[in-house]
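Structure first, commentary second.
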Amino acid sequence: MATLVQVDDLRKEFGNVRALAGVSFSVEAGEWIAIMGPSGSGKTTLINILGGLDMPTAGQAVVDGVDVARLDEAGLTRFRAQKIGFVFQQFHLVPYLTALENVMLAQYFHSTTDEKEAQQALERVGLGDRVEHLPGALSGGEQQRVAVARALINHPKLILADEPTGNLDEANEETIIQLFKELHQEGHTILMVTHDPSIGNLADRRIEFAHGRLVKVTPSNDTSRNAYR
Amino acid sequence: MFGRLVRESFVRNPRRKLLTAAALVVGMAVATSTLTIALEVGDRLAREFRSLGANLLVTSQSDTLPVEIGGVDYRPVNEGAYLSEADLGKLKTIFWRHNVLGFTPFLDVPTLVLGSTVTSTTLIGTWYQHDVPVPDGTKFKTGVSVTHPWWKIRGRWFRDDAGEAVIGAALAAKDPDSFAVGKRIQVRRADDADSARTLVITGIASTGDAEDNGILVPLSFAQGYSGHEGQFRQLFISALTKPADTFSERDPLKMTPTEYDRWFCSPYISSIGFQIKTVLPGTDVRTIRRVADTEGNILSRVGTLLWIVTLAALAAAGLAVAATSATTVLERRGEIGVMKALGASNMLVAGIFLAEQLLLAVVGASIGFVVGAVLARGLGASIFGTPASPRLILFPVVLGLAAIVALAGSLIPLRRAAHFNPAPILRGE
Amino acid sequence: MFWRLLWKLLRGSGGRLAVAILSLVSCAMVVSALLNLEFDIEHKLTQEFRMLGANILVSPGNAQISGSGTAEVMNENEVSAAIAASKEPAVVAAAPFLYVVASAGKTPVVVAGTKLEELSKLEPAWRIEGDWNSSHDLPASCLVGRNVARKLLLAVGSPLRLTYLNESAQFTVAGIVDAGGTEDNQVFVGLAEAQSLTKLPGKISLAQLSVSGTSNSISKYAARLAAALPAYEVRPIRQITEAEGDLLNRIRLLIVSMVVLILVLTALCVLGTMAALAMERRQDVGLMKALGGSIGRIVALFMAEIGVLGAAGGFVGAILGVELSRWMGQRVFGTAISSRWEIFPLTIVLMVAVALAGALPLRLLGKVKPAVIFRGE
């Protein structure tokens, strides 16, 4: 399988604070990676850099052949539009746009909008009958599902999820995790930040962080994975 | 502790306060300058209107009926009553003496002038720029330079005590060789063969009035020439007045003492005319209606207009400040949430913010006042030619306006903030 | 999608924008009213200036009026024909005059024969005692100056006998004039009566015109009239025309400065509101950037939103401004100010400019770093 992400000695400093103190790893296409660790360990920073939302202080981060560290503002914008799909803990849907329009927004910034395609994407996540609803009228789980549809609409190379179930109750959490499992099976590459070990066990590999450094890489064993199916 | 909280709140994060401060400075600068100009414009325009010339005419009450056509009096000089030149200094002693900008006496003498032919014309005795002795010991410079500013001259005006003359343009055109600058002419009264005198022409005047057909000479010369030393016939006065209204037109003899005081102490043309009549007894002081009424009308119209516009500017200033105050409070929802979570009452939170806004208003308005004063000077200079002087009395007014508006603007979002649930804010939503 | 987004943006931020909209509409209202005024004020004020009386004189050219009381004269028909031919709406009044020094008993008095009905139009500042309006067309009525009335002990209704050489005529005093000038010393009678008294039928000594307009247009008119009457002298009265032009300019300058000040203030107000909006929108902007929206596009979206607001505010304000103009005109001048259609597009353009200027904070949104948003600030 091809290497999709290659990170080499990545560093990020905010003034005196070292968020990332030299991180190196690689991700194959189609892998589901769980990024774990205590808060402040640099997980979110890593995700932001890989997603082109932030620039590293030093080091390399190559995603699908593009070194994000070397991109300028315009390059980063295009990179985000074409290669990345984000799913946030706080959903971050635009509150005055309908579910359909929220998905179309991602299309708009990528190239052109296609209402039919957006409709289909929402049907894929099981919200075909709620496309005209505003986020305020949707439950947490439904909002996150819209976010997932949005993340997928431009056929990204990499899906970055930051605690996607952090704001959801158990029932909705299950629905979302199920969705991700399906995406994994379909061959998407997923980098997910989570603090939940049971979710972490579903991934192909677990990368643990502490104090801005990579401390442990664990391929999860089949037993625990099966238990969660 | 309250003071400390306010001070801490005020000093922290100056960048956020910048917008409100900017709005206050600009808003109050505009308010100051519009108010300054509105207060001054009446005065300024009134001065501009003096370019229309005299607005009061004084003649002797016991004078016979002037036989005047085209501004020239054809009565024989021995007929009628005259006024005394020595009394004129008293014009600068009346209550409104500073509003008497200028006055010019006239003495007309029918005469013959010897050019290439003998022409019948009028000798007009007057002042160009003459020093009038005032009872308090000073001298007041006045003459047609003030009361007839549209008169133009080629060459120069006569000196007061010299045998010099200025010829009217129309008269000069009839005999350009004899009536030219530098030439000597001889004048003689038709009824007195011994009255012949010589004059040197120093200039040719283009007045646009009947004087273009006559010869202008110093008053003292005309007085000697006609045998009426120290006298004159008509006096034109240019006074700075306040537009007339129904009150000013009332008969002063029928007013109550308070009303009379009010009338007397306002520079209405009627009251100035009244005061002049008191110091020049035996005179008929008339308002030159054409000039006075036009001036009054236009001044009061422009005054009304300006106040409407000033009000609009003030409303805009108020709105700007209120809007930015509201913004600032909205921005700091986070702080409000924290304070409330820590147990601060609504009153305390409101108190801190309002105190801070007040402080900001005072600082901003003060700077704005200074900027506005400068702005008013500039505007005054470019519109009226002289800069408008700042009125200190506006300072408390502007300060008050800023305080009210800043507080009002903050109040609305603060009231909403009172209902804020701190939890969502602290969670970062 | 662009327009859809725009529409949703506007709807979504309703409350926040309320202050900005309010200030744009009220600014547009005041500015359009003032601009209407600015265009109309010249017309209004020059009307006011006609209270100064005649500003153009037509005289026989060699105007040498000798002491005997007669003068060189002009042909009445010639002059009135020329005036009638060049008649414009700007001529407020035109009156011919024939002057003669007649006697009332033993007192010499200047008598001016004229078209009495034109007199009050020519000299609106005159105060006339007596019911002048109804009696001026009665035969043998005359107007006397207040000094004449005082000297000859005349009142409204008194008879007055005027003699010139061997001719005599009887008049009735229909009104007494207080002008504050030479007219106070004169007697005004009908032109025909004066002409018959002096045995100079069809002749006049002078014509006075009151013409409204700028200094320039009055000079031009005088020149045209002079060309039509080459034998006579036509000149504007300088005292009046010069002062008028200067005053008008100052007043107009005043209004324009006020307009500019108000525009600046409104931009500030919009700025204030937009700053609040920018605060609110940071999350949305961060998201759009995360989704791959470029700065240019995002900023363009917000600018378009503000532009639309400016245009809408300008339009509504301009409509309200028409009403405000009318009210202002009534209060200040007693007659409505005429509204010009050109003010509409001008106001809209101005408001859009002001709105965009005030929307500067939204441009700064372009610099928002998405990562900052998602760190939860």
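Chains as they are written, first to last, in my numbering: chain A, 332 to 560; chain B, 8 to 436; chain C, 1210 to 1586. The C-beta atom is built at its ideal place from N, Cα and C for all residues, glycine as well.
Interface flag, residue i vs chain A, CB-CB below 9 Å
i                        : result
leucine 1457 (chain C)   : no
aspartate 1493 (chain C) : yes
leucine 1496 (chain C)   : yes
Boundaries (first-last residue) of the alpha helix (DSSP H) holding residue i
i                         : result
lysine 1360 (chain C)     : 1355–1361
glutamine 230 (chain B)   : 226–233
glycine 1408 (chain C)    : Looking at the sequence shown, residue 1408 (chain C) is not glycine but lysine. Element bounds for lysine 1408 (chain C): n/a, residue is neither H nor E.
tyrosine 267 (chain B)    : 264–271
tryptophan 1212 (chain C) : 1211–1221
leucine 377 (chain A)     : 374–381
valine 369 (chain B)      : 353–391
proline 1554 (chain C)    : 1552–1567
CB contact check: residue i to chain C, cutoff 9 Å
i                        : result
asparagine 557 (chain A) : In this predicted model, asparagine 557 (chain A) has a pLDDT of only 48, less than 50, meaning its place in the structure is not dependable; the value taken from the coordinates is given anyway. Output row for asparagine 557 (chain A): interface = no.
methionine 435 (chain A) : yes
histidine 155 (chain B)  : yes
histidine 423 (chain A)  : yes
glutamate 75 (chain B)   : yes
glutamate 404 (chain A)  : yes
isoleucine 415 (chain A) : yes
histidine 441 (chain A)  : yes
Contact check, residue i vs residue j, beta carbons under 9 Å
i                         : j                           : result
isoleucine 283 (chain B)  : leucine 90 (chain B)        : no
leucine 1266 (chain C)    : glycine 1322 (chain C)      : no
glycine 358 (chain B)     : alanine 30 (chain B)        : no
glutamate 1338 (chain C)  : aspartate 1387 (chain C)    : yes
isoleucine 507 (chain A)  : tryptophan 363 (chain A)    : no
histidine 464 (chain A)   : alanine 502 (chain A)       : no
threonine 1556 (chain C)  : valine 1240 (chain C)       : yes
threonine 205 (chain B)   : threonine 154 (chain B)     : no
glycine 109 (chain B)     : valine 141 (chain B)        : no
arginine 297 (chain B)    : phenylalanine 113 (chain B) : no
valine 173 (chain B)      : valine 120 (chain B)        : no
glycine 373 (chain A)     : histidine 515 (chain A)     : no
methionine 1467 (chain C) : threonine 41 (chain B)      : yes
threonine 27 (chain B)    : threonine 331 (chain B)     : yes
valine 479 (chain A)      : proline 466 (chain A)       : no
alanine 1291 (chain C)    : leucine 1438 (chain C)      : yes
serine 123 (chain B)      : aspartate 184 (chain B)     : yes
methionine 1560 (chain C) : alanine 1229 (chain C)      : no
lysine 1324 (chain C)     : glycine 1399 (chain C)      : yes
alanine 45 (chain B)      : valine 378 (chain B)        : no
threonine 133 (chain B)   : valine 116 (chain B)        : no
valine 207 (chain B)      : glycine 231 (chain B)       : no
8 Å contact criterion, which residue i and residue j should meet: CB distance rounded
i                       : j                           : result
glutamine 509 (chain A) : phenylalanine 422 (chain A) : At roughly 18 Å, the Cβ-Cβ gap does not stay under 8 Å, so glutamine 509 (chain A) and phenylalanine 422 (chain A) are not in contact.
alanine 395 (chain B)   : arginine 384 (chain B)      : 6 Å
glycine 469 (chain B)   : threonine 39 (chain B)      : Since the displayed chain B opens at 8 and closes at 436, residue 469 (chain B) lies outside it and no answer follows.
threonine 209 (chain B) : arginine 161 (chain B)      : So it is not a contact: roughly 10 Å between Cβ atoms.
lysine 562 (chain A)    : proline 387 (chain A)       : The structure shown does not extend to residue 562 (chain A), since chain A is modelled only from 332 through 560, so no value can be given for it.
Distance cut-off 8 Å: residue i Cβ against heavy atoms of the ligand NAD
i                         : result
methionine 1283 (chain C) : As for the ligand NAD, it is missing from this structure, which has no ligand bound.
N-terminal and C-terminal residue of the beta strand (DSSP E) that residue i is part of
i                       : result
tyrosine 427 (chain A)  : Neither: tyrosine 427 (chain A) is in no beta strand (DSSP E) and is coded neither H nor E.
threonine 334 (chain A) : 334–345
leucine 1336 (chain C)  : The question names leucine, yet the displayed sequence has arginine at residue 1336 (chain C). Arginine 1336 (chain C) -> beta strand (DSSP E) spans 1336–1338.
Beta carbon proximity, residue i to chain B, threshold 9 Å
i                         : result
isoleucine 1427 (chain C) : no
serine 1424 (chain C)     : no
methionine 1512 (chain C) : no
lysine 1412 (chain C)     : no
Proximity test, Cβ basis, 9 Å: residue i and chain D
i                   : result
serine 58 (chain B) : The structure shown contains no chain D; its protein chains are A, B and C.
Return the residues of the region 299–315 of chain B that lie within a Cβ-Cβ distance of less than 8 Å from chain C, sorted by chain order. If the cut-off is 8 Å between Cβ atoms, the region 299–315 of chain B has Ala299, Asp300, Thr301, Asn304, Ile305, Arg308, Val309, Thr311, Leu312, Leu313, Ile315 near chain C.
Anything in the region 1210–1240 of chain C with a Cβ closer than 9 Å to a Cβ of chain A? List those residues in chain order, please. Answer set for the region 1210–1240 of chain C: Met1210, Phe1211, Arg1213, Leu1214, Lys1217, Leu1218, Arg1220, Gly1221, Ser1222.
Interface residues of the region 1379–1401 of chain C facing chain B [CB-CB below 9 Å]: If you check each beta-carbon in the region 1379–1401 of chain C against every beta-carbon of chain B, the ones closer than 9 Å belong to Asp1387, Ala1388, Gly1389, Gly1390, Thr1391, Asp1393, Asn1394, Gln1395.
Could you name the residues of the region 381–395 of chain A whose beta carbon sits closer than 8 Å to any beta carbon of chain C, in the order they occur along the chain? Gly382, Leu384, Asp385: these are the residues of the region 381–395 of chain A whose beta carbon lies less than 8 Å from some beta carbon of chain C, given in chain order.
Using a Cβ-Cβ cut-off of less than 9 Å, give me the residues of the region 1314–1333 of chain C that come near chain B, in sequence order. Against chain B - using a Cβ distance shorter than 9 Å - the residues of the region 1314–1333 of chain C are Thr1316, Pro1317, Val1318, Val1319, Ala1321, Glu1332, Pro1333.
Relative to chain C, which residues along the region 380–407 of chain B have a C-beta separation below 8 Å, given in chain order? Hits within the stretch, in order: Leu386, Ser389, Ile390, Phe391.
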